[in-house]
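Peer 1: This is the structure I have questions about; it appears just below.
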Amino acid sequence: MAAIIEQYNNICNGELSGIKAIFFDLDNTLIPTRTGDTKACRQVSEILQQKYGFTKDEANFSTQNFLKSFRRCPDDCQSSLDIWRQHLWRDSLPPKYKELADTIYGIWLEMRYHYLAIPSEYVKLLQLLRKKYLLALITNGPSNAQWEKVRRLKVQQYFDCLLVSGDLPWEKPNPNIFYATCKYLNVQPENCCMVGDKLESDIKGGNLAGLCATFWLPLSMEEIEVLIHHQPEEHEENKPTYILSNLLDFYKYFNVTNLEGEQQEQLQKYVPEYKCQSNNIVNCRGRFSTPPVEFSTSESDNSSDSI
Numbered sequence: 001m002a003a004i005i006e007q008y009n010n011i012c013n014g015e016l017s018g019i020k021a022i023f024f025d026l027d028n029t030l031i032p033t034r035t036g037d038t039k040a041c042r043q044v045s046e047i048l049q050q051k052y053g054f055t056k057d058e059a060n061f062s063t064q065n066f067l068k069s070f071r072r073c074p075d076d077c078q079s080s081l082d083i084w085r086q087h088l089w090r091d092s093l094p095p096k097y098k099e100l101a102d103t104i105y106g107i108w109l110e111m112r113y114h115y116l117a118i119p120s121e122y123v124k125l126l127q128l129l130r131k132k133y134l135l136a137l138i139t140n141g142p143s144n145a146q147w148e149k150v151r152r153l154k155v156q157q158y159f160d161c162l163l164v165s166g167d168l169p170w171e172k173p174n175p176n177i178f179y180a181t182c183k184y185l186n187v188q189p190e191n192c193c194m195v196g197d198k199l200e201s202d203i204k205g206g207n208l209a210g211l212c213a214t215f216w217l218p219l220s221m222e223e224i225e226v227l228i229h230h231q232p233e234e235h236e237e238n239k240p241t242y243i244l245s246n247l248l249d250f251y252k253y254f255n256v257t258n259l260e261g262e263q264q265e266q267l268q269k270y271v272p273e274y275k276c277q278s279n280n281i282v283n284c285r286g287r288f289s290t291p292p293v294e295f296s297t298s299e300s301d302n303s304s305d306s307i
């Protein structure tokens, strides 16, 4: 896998010296949403067997049924997140256990955010990048569900702006969501790059918006094979500038380290050879009202996106 990625990156490289801002996707890029949710349900299954008397089949059926329903519809605009998820659990449990739905939901929620935590090495990367670049988070999904992740995982402190498609009239790959980010950060698209796991939203959107570069973080080797050998020519806009085997590959492309003392020593195993020239740190501004978009007149597009 590493050799294929290196060969691709050597062929499809771009100029990164003009980058002022880096846009990140959230799910399956910064946080392991898909694997984390799977692990959380496995852990809940164990708890149901050990503490509540479920058989193995009952526990596995209940948690798998919930996970399928949750991924299919993670939010409901007619009710709160808590009420909706309790409803999903109630529908997923055998009749004799339905009264435990609220309790099991609480257990699942705790397990979920344990497994969704941003890896510590990713936190260090973001902290270093933010000394030199403006950082933005652009995520597709329902507003309440995505902002819950931001709050519980304390994501906000690492970014200069955060955009959730559920709050806006467009979602990735619509270029307008990228232009809104550029407008807010006061940068031009050609001075920005995007990193994400989905070719059809993160990479395509970044390319359509005219960003300087797109970084793809594929979830499997099969996805890379499809991109290299089976991607139709008409989907050229889905082609990333670079492929990352891990988010820490960012250290190969961005000069972001110049820490003092003990903190620098702790990070050397991740970034042994780079020096940072900037001590500027931009404060995070949190939620905001999206400014008018002036880069494009693309039509609105904000269809639902599963998480």
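Mapping of the sequence shown onto the UniProt record's numbering: position 252 corresponds to residue 252, and the numbering continues sequentially without gaps.
No residue lacks a Cβ here, since even glycine has one placed at the ideal position from N, Cα and C.
At what residues does the beta strand (DSSP E) containing threonine 139 begin and finish?
Peer 2: Here the beta strand (DSSP E) through threonine 139 covers 134-139.
Peer 1: Assuming asparagine 191 contacts glutamate 237 (C-beta within less than 8 angstroms), just tell me the rounded distance between them.
Peer 2: So it is not a contact: roughly 20 angstroms between Cβ atoms.
Peer 1: Count the other CB atoms within 10 Å of the CB of threonine 241; is the residue buried (16 or more) or exposed (fewer)?
Peer 2: Looking at its Cβ environment, which holds 16 or more other Cβ atoms inside 10 Å, threonine 241 is buried.
Peer 1: Taking the alpha-carbon of serine 92 as reference, which of Ile104, Leu129 and Gln188 has the nearest alpha-carbon?
Peer 2: For the residues Ile104, Leu129 and Gln188, the minimum Cα distance to serine 92 belongs to Ile104.
Peer 1: Does the region 148-156 come close enough to the region 178-189 to have 3 or more Cβ pairs within less than 8 angstroms?
Peer 2: No: fewer than three Cβ pairs fall under 8 angstroms.
Peer 1: Could you have a look at glycine 286 and say whether DSSP puts it in helix, strand or coil?
Peer 2: At glycine 286, the pLDDT of 37 sits below 50, so the modelled position is not reliable; the number obtained from the coordinates is stated separately. Reduced to three states, the DSSP call for glycine 286 is coil.
Peer 1: Just how far apart, CA to CA, sit residue 370 and lysine 198?
Peer 2: Because the chain in this structure spans residues 1 to 307, residue 370 falls outside the shown range and cannot be described.
Peer 1: Using DSSP with H/G/I as helix, E/B as strand and the rest coil, what is aspartate 160?
Peer 2: Aspartate 160 falls in the coil class under three-state DSSP.
Peer 1: Quick check on this structure: which residue in Ala136, Thr38, Phe250 and Asp75 has the alpha carbon closest to the alpha carbon of serine 62?
Peer 2: Out of Ala136, Thr38, Phe250 and Asp75, Thr38 has the C-alpha closest to the C-alpha of serine 62.
Peer 1: Would you check if the distance between the CB atom of leucine 135 and the CB atom of phenylalanine 23 is smaller than 9 angstroms?
Peer 2: Yes, Cβ-Cβ distance for leucine 135 and phenylalanine 23 is below 9 angstroms.
Peer 1: In whole angstroms, give me the CA-to-CA distance for isoleucine 19 and arginine 72.
Peer 2: Spanning the two alpha carbons is a distance of roughly 37 angstroms.
Peer 1: Can you tell me whether cysteine 182 is helix, strand or coil according to DSSP?
Peer 2: It is helical.
Peer 1: Where do the N-terminal and C-terminal ends of the alpha helix (DSSP H) with tryptophan 84 fall, by residue?
Peer 2: Start and end: 81-92.
Peer 1: Rounded to a whole number of angstroms, what is the C-alpha to C-alpha distance between leucine 163 and threonine 139?
Peer 2: Leucine 163 and threonine 139: Cα-Cα distance of roughly 6 angstroms.
Peer 1: When the Cα atoms are used, what is the spatial distance from valine 195 to leucine 217?
Peer 2: C-alpha separation (whole angstroms): 7 angstroms.
Peer 1: Quick one: grab the DSSP three-state call for alanine 213.
Peer 2: Correct three-state label for alanine 213: strand.
Peer 1: Roughly how many angstroms lie between the CA atoms of glutamate 200 and glycine 53, to the nearest whole one?
Peer 2: Near 44 angstroms, if we compare the C-alpha coordinates of glycine 53 and glutamate 200.
Peer 1: Express the C-alpha separation of glycine 205 and histidine 87 in angstroms, rounding to a whole number.
Peer 2: Distance between the alpha carbons of histidine 87 and glycine 205: 35 angstroms.
Peer 1: Under a three-way DSSP split, which group does phenylalanine 70 fall into?
Peer 2: If DSSP states are grouped into helix, strand and coil, phenylalanine 70 belongs with the helices.
Peer 1: By Cβ distance below 6 angstroms, which residues in the same chain neighbour arginine 85 in space, the five residues on each side in sequence not counted?
Peer 2: Excluding positions up to five away in sequence, the list reads Tyr105.
Peer 1: Please state whether the Cβ-Cβ distance between aspartate 57 and leucine 137 is less than 9 angstroms.
Peer 2: No, these two residues do not count as a Cβ contact at 9 angstroms.
Peer 1: Cβ of arginine 130 within 9 angstroms of Cβ of phenylalanine 159?
Peer 2: In this structure, phenylalanine 159 lies closer than 9 angstroms to arginine 130 by Cβ.
Peer 1: Does the distance from the CB of leucine 81 to the CB of cysteine 41 come in under 9 angstroms?
Peer 2: No; because the gap between Cβ atoms is not below 9 angstroms, this pair is not in contact.
Peer 1: Keeping to the same chain, check which residues put their C-beta closer than 8 angstroms to that of phenylalanine 70; ignore five residues upstream and five downstream.
Peer 2: Correct list, in chain order: Asp37, Arg85 and Leu88.
Peer 1: Does the separation of the CB atoms of tyrosine 179 and alanine 209 fall below 9 angstroms?
Peer 2: Yes, these two residues count as a Cβ contact at 9 angstroms.
Peer 1: Taking 9 angstroms as the cut-off, decide whether the C-beta atoms of aspartate 75 and proline 169 are in contact.
Peer 2: Contact: no.
Peer 1: Pull up the DSSP beta-bridge partners for residue 357, would you.
Peer 2: Here the chain covers residues 1 to 307 and nothing more, so residue 357 does not appear.
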